[in-house]
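Participant:
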Amino acid sequence: MRNLKPVHHQVCTLPFCTSSHDEVVSCTSTDTDTIFGITREGILFELDVKLGTIKRTFNINENVEGVTPDAKMMEIQYVAELESLIIISQFDIITFNISTDMCEVTASIEEGILAM
Numbered sequence: 069m070r071n072l073k074p075v076h077h078q079v080c081t082l083p084f085c086t087s088s089h090d091e092v093v094s095c096t097s098t099d100t101d102t103i104f105g106i107t108r109e110g111i112l113f114e115l116d117v118k119l120g121t122i123k124r125t126f127n128i129n130e131n132v133e134g135v136t137p138d139a140k141m142m143e144i145q146y147v148a149e150l151e152s153l154i155i156i157s158q159f160d161i162i163t164f165n166i167s168t169d170m171c172e173v174t175a176s177i178e179e180g181i182l183a184m
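Here's what the structure looks like:
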């Protein structure tokens, strides 16, 4: 394990970050050519690894109804069976379908508390 070396390393500028303090907090791949990432401020992006370009972006905080305001994004995972990304924020679980660009809040802490 000590002799492992990265196969590929590339630096990419993200001009869409909402502030100078925004940073990529998590990434996941859907195949060998595509990486999805999420910034702390809620910008979801798709990166073409071969070209080194951003294919699309989606602002979760501005475009998804029901997201807790000012919640920081924490993690992203790809679920192949659903063709979706699962995004975890401080207060919400968000599902983003990569085929349709449909995005919705799947669960939130506020809903859980109100249900009690």
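Start counting the sequence shown at 69; every next residue gets the next number (the numbering used here). Even for Gly, the Cβ is constructed at its ideal location relative to N, Cα and C.
For T121, is the classification buried or exposed, using 16 other Cβ atoms within 10 angstroms of its Cβ as the cut-off for buried?
Facilitator: Exposed, by the Cβ-count rule.
Participant: Grouping DSSP H, G and I as helix and E and B as strand, with all else coil, what is V75?
Facilitator: Here V75 scores only 47 on pLDDT, less than 50, and its place in the model is too uncertain to base an answer on.
Participant: Note down, in chain order, each residue of its chain lying with its Cβ closer than 6 Å to the Cβ of I144, except the 5 sequence neighbours on either side.
Facilitator: So the qualifying residues of the chain are S94, T96, I106, L153, I155.
Participant: What is the rounded straight-line gap between the Cα of I166 and the Cα of T136?
Facilitator: Taking the straight line from one Cα to the other gives about 22 Å.
Participant: Quick check: what's the CA-CA separation for V75 versus T100?
Facilitator: Here the model assigns V75 a pLDDT of 47, short of 50, so the residue's position is not dependable, and the following value carries that caveat. Going by the C-alpha atoms only, they are around 12 Å apart.
Participant: Would D160 be called buried (16 or more neighbouring beta carbons within 10 Å of its own) or exposed?
Facilitator: Buried.
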